[in-house]
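In full-length UniProt numbering, the protein residues as written are 1 to 355.
Presented below is the structure to which this report refers.
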């Protein structure tokens with residue numbers, strides 16, 4: 001298999017010792033010394049995809065998952081499955097589920113039953129003897145519960161992941177898994193409204209990761225995390241995420257930032273000049289911020305069932321305390337989302353203060 005990435009041919013000839021491939025973590029260290037970061041990553045992607053050693057084929061799955069495309073991950077999964085080696089097949093099966101989840105979250109119309117089926121597949125794998133595979137299984141649990149907005153479940157896995165990652169001997173896998181865990185910790189503390197801890201780990205992810213995807217996600221998360229504190233800081237992180245997504249050509253991320261994150265922050269702070277959205281929910285939110293209550297209500301009345309956010313928008317527009325309380329209770333009981341539960345709570349306080 002011949003790779004020519006970004007105008008540069010790369011093969012394993014320079015990264016062998018006595019005819020054997022060097023471990024990926026050594027190869028990456030060598031590349032980072034001699035190449036700029038982007039070139040080092042792209043050469044590493046190519047080397048992962050054409051590795052012949054069974055260990056490098058396995059470990060390459062995580063690097064490609066972080067830095068490559070779903071198509072590249074599928075290709076490397078198939079190569080691992082074709083080895084018929086138990087360890088490689090086990091890793092390939094785990095990353096098939098990783099890719100399945102990625103494909104799910106990229107769907108425009110998500111089917112929650114599909115997500116439940118994925119969670120059942122993860123559970124069916126059982127406890128893993130290999131510590132790296134056990135970490136992957138725990139991460140998959142976390143991602144499924146996050147996608148299902150069952151945020152209270154995340155805490156069950158953070159301590160175990162921290163302990164398990166400490167046992168990993170491969171420096172590259174440990175580094176990549178640590179960044180994964182840091183992101184989980186950000187989400188866990190964000191949803192618990194523990195923002196000092198969430199931001200600490202969020203900035204650590206930004207400083208440590210080389211993945212554009214992870215940087216975009218983290219800037220987007222930090223943007224939302226500054227919602228109640230500082231408009232300028234929130235919009236700064238949103239714009240950083242937008243700029244990265246534009247530079248990398250990540251259209252799905254760009255769509256989310258332009259049509260959800262930025263309008264949401266702008267509407268909350270009533271700084272809506274020049275801000276638009278193709279998302280009906282945020283169109284209603286923007287209309288509300290512009291004191292166009294009629295448009296807001298008309299949009300939301302076409303939606304069924306309402307999400308907790310939409311209940312909040314409608315309750316705020318109609319000054320309906322019952323709707324606002326229902327929104328608050330759903331954020332708390334259905335999602336354990338202490339952060340966004342502040343939205344209806346703040347509005348209820350405003351209504352009570354004006355009575």
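Every residue, glycine too, gets a C-beta built ideally from N, C-alpha and C.
If you draw a straight line from the alpha carbon of residue i to that of residue j, how long is it in whole angstroms?
i: residue 247; j: residue 22; result: 33 Å
i: residue 43; j: residue 218; result: 25 Å
i: residue 13; j: residue 178; result: 30 Å
i: residue 280; j: residue 264; result: 12 Å
i: residue 10; j: residue 103; result: 29 Å
i: residue 348; j: residue 308; result: 14 Å
i: residue 273; j: residue 185; result: 35 Å
i: residue 63; j: residue 192; result: 31 Å
i: residue 5; j: residue 46; result: Note that residue 5 has pLDDT 47, beneath the 50 cutoff, so the model's placement of it is unreliable and the number below is only indicative. So the two alpha carbons sit approximately 7 Å from each other.
i: residue 209; j: residue 333; result: 34 Å
i: residue 225; j: residue 120; result: 31 Å
i: residue 29; j: residue 176; result: 14 Å
i: residue 283; j: residue 270; result: 13 Å
i: residue 235; j: residue 262; result: 7 Å
i: residue 57; j: residue 77; result: 9 Å
i: residue 275; j: residue 127; result: 48 Å
i: residue 220; j: residue 304; result: 27 Å
i: residue 207; j: residue 294; result: 45 Å
i: residue 399; j: residue 253; result: One cannot answer for residue 399 here, as it falls past the ends of the chain, which runs 1 to 355.
i: residue 38; j: residue 81; result: 29 Å
i: residue 245; j: residue 215; result: 9 Å
i: residue 361; j: residue 33; result: Residue 361 lies beyond the range of the chain shown here (1 to 355); nothing can be said about it.
i: residue 237; j: residue 328; result: 26 Å
i: residue 100; j: residue 229; result: 36 Å
i: residue 196; j: residue 17; result: 47 Å
i: residue 241; j: residue 19; result: 43 Å
i: residue 298; j: residue 115; result: 31 Å
i: residue 201; j: residue 232; result: 20 Å
i: residue 72; j: residue 36; result: 22 Å
i: residue 350; j: residue 74; result: 52 Å
i: residue 154; j: residue 300; result: 31 Å
i: residue 260; j: residue 268; result: 12 Å
i: residue 161; j: residue 122; result: 16 Å
Is residue i a contact residue of the ligand PLP, with contact defined as CB to any heavy atom under 7 Å?
i: residue 56; result: Absence of the ligand PLP is noted for the structure shown, with no ligands found whatsoever.
Going by Cα to Cα distance, which pick from the options is closest to residue i?
i: residue 147; options: 283, 275 and 111; result: 111
i: residue 54; options: 36, 88 and 64; result: 88
i: residue 339; options: 255, 198 and 286; result: 198
i: residue 149; options: 63, 353 and 337; result: 337
i: residue 314; options: 333, 286, 97 and 332; result: 286
i: residue 255; options: 76, 100, 268 and 239; result: 239
i: residue 190; options: 60, 306 and 151; result: 151
i: residue 344; options: 211, 331 and 353; result: 331
i: residue 92; options: 223, 296 and 133; result: 133
i: residue 141; options: 174, 169, 180 and 176; result: 180
i: residue 137; options: 116, 97, 75 and 117; result: 97
i: residue 172; options: 282, 48, 49 and 59; result: 59
i: residue 48; options: 61, 271, 188 and 74; result: 61
i: residue 83; options: 214, 296, 52 and 196; result: 52
i: residue 341; options: 324, 351 and 174; result: 324
i: residue 320; options: 303, 335 and 352; result: 352
i: residue 243; options: 212, 228 and 266; result: 212
i: residue 251; options: 25, 188, 106 and 182; result: 106
i: residue 159; options: 139, 145 and 144; result: 139
i: residue 204; options: 188, 183 and 195; result: 183
i: residue 65; options: 86, 94, 300 and 118; result: 94
i: residue 278; options: 257, 297 and 292; result: 257
i: residue 117; options: 108, 109 and 144; result: 144
i: residue 188; options: 164, 156 and 163; result: 156
Look up residue i in the DSSP assignment and say whether it is helix, strand or coil.
i: residue 20; result: strand
i: residue 236; result: helix
i: residue 76; result: helix
i: residue 5; result: Bear in mind that the predicted position of residue 5 carries a pLDDT of just 47, short of 50, making it unreliable; the figure below should be weighed with that in mind. Three-state result, residue 5: strand.
i: residue 133; result: helix
i: residue 148; result: coil
i: residue 87; result: helix
i: residue 269; result: coil
i: residue 291; result: coil
i: residue 114; result: helix
i: residue 142; result: helix
i: residue 35; result: coil
i: residue 178; result: helix
i: residue 335; result: coil
i: residue 164; result: helix
i: residue 92; result: helix
i: residue 49; result: helix
Original post:
Are at least three pairs of beta-carbons, each pair with one atom in the stretch 314 to 329 and one in the stretch 286 to 304, less than 8 Å apart?
Top reply: yes
**OP:** Decide if the stretch 118 to 137 is in contact with the stretch 165 to 175; the criterion is three or more beta carbon pairs, one per stretch, under 8 Å apart.
**Re:** yes
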